[in-house]
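Numbering that gives the first Met the number 0 puts the first residue of the sequence shown at 0, with every later residue one more than the last. The beta-carbon is built from N, C-alpha and C at its ideal position, and this holds for glycine as well.
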Amino acid sequence: MRIVIAGGHGQIALRLERLLSARGEEVAGIIRKSEQGNALRTAGAEPVLLDLEAASVEEVAAHLQGADAAIFAAGAGPGSGTARKETVDKGAAMLFADAAVRARVRRFLVVSSMGADPAHPGDDVFDAYLRAKGEADAYVTRQKALDWTILRPGSLTNDAGTGQVRLEAHTGRGMIPRDDVAAVLAELVDTPATTGLTLELVSGSQPVSVAVKSVAGN
């Protein structure tokens, strides 16, 4: 498979790139800064220099041509303000979905956030983030040309992954190592039976492959 990841230098994306390339997939990661390229190459991914806040649908679609799957794992980051929640967490996600449709890439995964909701109340930056993610998720779910799956992890940690997770439509709050988020994404991208599902993810007691097969109905 050829898999293109938006936000290719993110903490989850780099872990995912290592997993996918190790199993023989062809992986490309979209980055905003050329100096991020070496980290992607080390992870086994091809760096693609492109600013999703400034690119057109046609420009993004050109990099998705021939891909088997697209994964949106970009984010404005914890230090960013409300404006970039709109341009990255919402705007770039919608642009990436439009580009996948244009390039006829059906399999589409989104790394969202637990609590994402277009109607989330509040005026803090994190409130704006949850609204932006919720609006982006809602937009993706309306794209009939995409075989989408939305993953909403709980609170992210840098603890070593355990490979044991809880993956359900509603898990309730919890923690999850980024290692395990990446492992679940690597399994989901190859499980089209999860199309149309919005899933929450926290640490749990099921091996990743078992958890994914369970929600896929296998």
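Exposure of residue i, with buried meaning 16 or more beta-carbon neighbours within 10 Å
i: Thr41; result: exposed
i: His169; result: exposed
i: Met174; result: exposed
i: Glu199; result: buried
i: Asp97; result: buried
i: Asp158; result: exposed
i: Ala274; result: The requested residue 274 does not occur in the structure, where the chain is confined to residues 0 to 217.
When the options are compared against residue i, the one with the closest alpha-carbon
i: Leu184; options: Glu85, Gly74, Val207; result: Val207
i: Gly43; options: Gly23, Val110, Met113; result: Gly23
i: Glu25; options: Ser55, Glu16, Lys32; result: Glu16
i: Asp126; options: Thr81, Ser202, Ala181; result: Thr81
i: Val87; options: Gly133, His62, Glu45; result: Gly133
i: Leu166; options: Ala159, Val180, Leu155, Thr156; result: Val180
i: Val47; options: Leu145, Ala5, Gly203, Ala91; result: Ala5
i: Arg177; options: Arg14, Gly7, Gly76; result: Arg14
i: Ala135; options: Gly162, Trp147, Ala92; result: Ala92
i: Gly160; options: Arg83, Lys84, Val201, Thr194; result: Val201
Nearest-angstrom Cβ-Cβ length linking residue i and residue j, presumed shorter than 8 Å
i: Val164; j: Gln205; result: 6 Å
i: Val211; j: Leu187; result: 6 Å
i: Leu129; j: Asp116; result: 6 Å
i: Arg2; j: Asp67; result: The question names Arg, but residue 2 is Ile in the sequence shown. That belief holds up - the Cβ atoms of Ile2 and Asp67 are roughly 7 Å apart, short of 8 Å.
i: Arg100; j: Ala72; result: According to the sequence provided, residue 100 is Val. The question's Arg does not apply to it. Val100 to Ala72, Cβ: 19 Å. No contact.
i: Phe95; j: Val59; result: 6 Å
Below-8 Å beta-carbon distance, residue i vs any chain B residue
i: Ala99; result: Absence of chain B from the displayed structure is noted, only one protein chain being present.
- Query: Which runs of the beta strand (DSSP E) fall wholly inside the segment 129 to 212 and span at least 3 residues, in chain order?
  - Reply: For the beta strand (DSSP E) assignment, the uninterrupted runs of no fewer than 3 residues enclosed by the segment 129 to 212 are, from N- to C-terminal side, 146 to 152, 154 to 156, 163 to 167, 174 to 176, 196 to 202.
Flag this pair as touching only if the segment 97 to 105 and the segment 113 to 133 have three or more C-beta atom pairs under 8 Å; answer yes or no. Two segments are said to touch when three or more pairs of C-beta atoms, one from each, lie closer than 8 Å; by this definition the segment 97 to 105 does not touch the segment 113 to 133.
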